[in-house]
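Numbers 1 to 374, taken from our numbering, label the letters of the sequence shown in order. These notes are about the structure you will find just below.
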Amino acid sequence: VDPVPVSAPVNLPFQRHNLAIWARNDTDDPHFAYWDDDGKVFNPAAGGISMSGMGDPVGDWRIIQGAQSPNGDETIVVGVALNSGGSTGRVMGRVLTEENAPFVVWEDMVVPTSSGSTNVLATVTQTYWWSFDVKYESQSGRAMVVWSNWSSGNQGISYSVGTGANSWTERQDITLPESGVVRQIRLASSPTKDEMILVASNDDDEDFAVVWNGTAWGDQRTLWDSGTGDTQTDVNVEYESLSGEAVVVYGANSDDLKFTTWTGSGWGGLGGIINNLGVSGNVKWTVMASDPSSDRLLCGVLTTASEVWTISWTGSSWSNSELHTSNAPGTTFPAVDVAYESQSGKGLVAYGVSGQSTITYSTLYPSGGILSTA
């Protein structure tokens, strides 16, 4: 099936729920497909997200982040696309509004600025960082988009809040606890109130966190500022589903994971997790997931030595660390992810192994938190 331009609405034969978005090497337009709950397959005929009219010819999207509204039929996807020549890129967003379902129409995300408006959130000199993110507030349903503006001061992250129908507040900058060009951003949304936590790492190898209280950014927390050696991709955050408290993890140039907690009103101390696994590599990438029915969290780690290991958060402490492979296919990308099933409470760890064309996975059973290869 040929890709369908966004200007030609697509009539889908089923109600859409989950959406997959990816880049293809045969076209500059990202592609998408909906999950068919009845047929248990992704619909292959959804089409492409046209990037025509976006200025300088848009190249392949390298990094993609997306979110779906909890209160309505809206999906936002933000990505960094290579400019012509391939040395720089632009961060841009597209919004899927389903008011005219079952027709599919992607619109530009256009953010007001002090001098007008723009559909280019940032121009970046390096296109391989997760330097932006998008989440929805759980109660209001408002979208929050954050991105590195590639400045070197202490206002290196900008944001805009959705006000409905693909309308946005004027771009504002966040005052940060550290200065430097922000490379990596992770954003988590509280399940119990309109609160978010942003964690980031900059080119000075400093990790930090900032809290959104539904109105403004504040409650800053420096996690690591001890100079070079940090990997800039090791910081992450997730909320507990029931308590609304959060856990932040980061590497700090160590093979042990570091962490701190957010109680909803203040930060805990900075602590370390001894993995007891005998790994030789430092923490390079982290991924996190929360159990919808408890305060348990699952954290996956990829090290600088291509090791993949996981550890579980019980709601008050860490336990059950396990090494899954010492032979991940690379370390320049996060070759591990974690998730929880929505009903059973079982966790899932998926990861790559060098030389294998299939994904390897393990299951985490809630009774005792024991990981078992499936």
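Ideal placement from N, C-alpha and C gives every residue a C-beta, glycine not left out. Since the model is a prediction, treat every value here as computed from it, not as a measurement.
Are there three or more Cβ pairs, one per stretch, closer than 8 Å when the stretch 333 to 350 is compared with the stretch 306 to 320?
In the pairwise beta carbon analysis, the stretch 333 to 350 is classified as touching the stretch 306 to 320: at least three pairs are separated by under 8 Å.
Whole runs of the beta strand (DSSP E) within the stretch 132 to 215, excluding any shorter than 3 residues
Listed in chain order, they are 132 to 136, 143 to 148, 157 to 164, 172 to 174, 182 to 189, 196 to 202, 207 to 212.
So Ser-69 and Lys-135 are in contact, right, with Cβ under 8 Å, and what is the actual spacing, rounded?
About 10 Å; that fails the 8 Å criterion.
Pull the bridge partners of Asn-236 from the DSSP assignment, please.
In the DSSP output, where bridge partners are listed per residue, Asn-236 has Val-249.
Out of curiosity, what's the CA-to-CA distance linking Asn-71 and Val-249?
Answer to the nearest angstrom: the Cα atoms are 29 Å apart.
Under a Cβ-count criterion, where at least 16 other Cβ atoms within 10 Å of its own Cβ denotes burial, should Ala-101 be classed as buried or exposed?
With a pLDDT of only 48 at Ala-101, under the threshold of 50, the placement of this residue in the model should not be trusted; the figure read from the coordinates follows. By the 10 Å Cβ count, Ala-101 comes out exposed.
Three-state secondary structure (DSSP) of Ala-101:
Per-residue confidence for Ala-101 stands at a pLDDT of 48, beneath the threshold of 50, marking its modelled position as unreliable; no derived number is given.
Option in Lys-40, Thr-233, Gly-272 with minimal Cα separation from Ile-185
With distances taken between Cα atoms, Ile-185 lies closest to Thr-233.
On the premise that Ala-209 lies in contact with Leu-223, defined as a C-beta separation below 8 Å, what is that separation, rounded to the nearest angstrom?
With 8 Å as the limit, Leu-223 and Ala-209 qualify as a contact, their Cβ atoms being about 6 Å apart.
Anticipated Cβ contact below 8 Å, Asp-73 with Arg-94, distance rounded
Actually they do not touch by this definition, with Cβ atoms about 15 Å apart.
In whole angstroms, what separates the C-alpha of Asp-38 from that of Ala-289?
One Cα belongs to Asp-38, the other to Ala-289, and the distance between them is close to 26 Å.
Pick out whichever of Ile-197, Asp-194, Thr-192, Ser-179 has its Cα sitting closest to the Cα of Asp-205.
Here the closest residue by C-alpha is Ser-179.
Give me the DSSP bridge partner(s) of Gln-65.
According to DSSP, Gln-65 bridges with Val-78.
Trp-318 and Ile-273: beta carbons closer than 8 Å?
Against a cut-off of 8 Å, the Cβ pair of Ile-273 and Trp-318 comes out as a contact.
From Ser-294, Arg-62, Met-144, pick the residue whose C-alpha is nearest to that of Arg-171; which is it?
Put simply, of Ser-294, Arg-62, Met-144 the residue whose alpha carbon is nearest the alpha carbon of Arg-171 is Met-144.
What is the rounded straight-line gap between the Cα of Gly-156 and the Cα of His-324?
Gly-156 and His-324: Cα-Cα distance of roughly 36 Å.
Considering only their Cβ atoms, is the gap separating Trp-147 from Thr-123 smaller than 8 Å?
Taking C-beta atoms as the reference points, Thr-123 and Trp-147 fail to come closer than 8 Å.
Taking buried to mean at least 16 other C-beta atoms within 10 Å of its own C-beta, is Gly-218 buried or exposed?
Its Cβ having fewer than 16 others within 10 Å, Gly-218 is exposed.
Looking at the strands, I want to know which residues DSSP matches up with Ser-290.
DSSP output for Ser-290 lists Leu-297 as bridge partner(s).
Could you give the first and the last residue of the continuous beta strand (DSSP E) run that contains Thr-386?
There is simply no residue 386 to check, as the chain begins at 1 and stops at 374 in what is shown.
Spatial neighbours of Leu-242 in its chain, beta-carbon cut-off 6 Å, leaving aside the 5 residues before and after
These residues qualify, in order along the chain: Asp-295.
Assuming Ile-21 is part of the beta strand (DSSP E), what are its boundary residues?
Segment 19 to 22, the beta strand (DSSP E) holding Ile-21.
Residue from Val-91, Val-161, Thr-169 whose Cα sits closest to the Cα of Trp-376
No answer is possible for residue 376: the residues shown for the chain start at 1 and end at 374.
Integer Cβ distance of Thr-263 from Asn-282, believed to fall under 8 Å
The Cβ separation is near 29 Å, so there is no contact.
Are the CB atoms of Asp-36 and Asn-25 nearer to each other than 8 Å?
For the 8 Å CB-CB criterion, Asp-36 and Asn-25 do not form a contact.
Please classify Tyr-128: does DSSP put it in a helix, a strand, or coil?
Under the three-state reduction of DSSP output, Tyr-128 falls in the coil class, being neither helix nor strand.
Please go through the same chain and pick out, in chain order, the residues whose beta-carbon is closer than 6 Å to the beta-carbon of Thr-125, but skip the five residues on each side of it.
Excluding sequence neighbours, Thr-125 sits near Thr-88.
Measure the Cβ-Cβ separation of Thr-75 and Leu-19 and say whether it is below 8 Å.
Against a cut-off of 8 Å, the Cβ pair of Leu-19 and Thr-75 comes out as a contact.
Of all the options Ser-254, Val-182, Leu-96, Thr-314, which has the alpha carbon lying nearest to the alpha carbon of Thr-286?
Taking only the C-alpha atoms, the option nearest Thr-286 is Ser-254.
From this set, Asp-29, Leu-364, Phe-259, Val-199, which residue's C-alpha is nearest Ser-316's C-alpha?
Ranking Asp-29, Leu-364, Phe-259, Val-199 by Cα distance to Ser-316 puts Phe-259 first.
With a 10 Å radius around its C-beta and 16 neighbouring C-beta atoms as the bar for buried, classify Gly-66 as buried or exposed.
Under this definition Gly-66 is a buried residue.
For Pro-57, count neighbouring C-beta atoms within 10 Å of its own C-beta (all shown protein chains included) and say buried if the count is 16 or more, exposed if not.
Low confidence applies to Pro-57: its pLDDT is 47, below 50, so where it sits in the model is not reliable, and the reading given next is rough at best. By the 10 Å Cβ count, Pro-57 comes out exposed.
Distance between Val-199 and Asn-154 (C-alpha atoms, nearest Å):
Their backbone Cα atoms lie some 14 Å apart in a straight line.
Unbroken stretches of the beta strand (DSSP E), 3 residues or longer, contained in the stretch 309 to 371
Here the runs fully enclosed are 318 to 325, 336 to 340, 347 to 351, 360 to 365.
Could you give the first and the last residue of the continuous beta strand (DSSP E) run that contains Thr-118?
Unbroken beta strand (DSSP E) run through Thr-118: 116 to 118.
Taking Val-111 as part of the beta strand (DSSP E), name the residues at either end of that continuous run.
It spans 111 to 113 - the beta strand (DSSP E) in which Val-111 sits, taken as one unbroken run.
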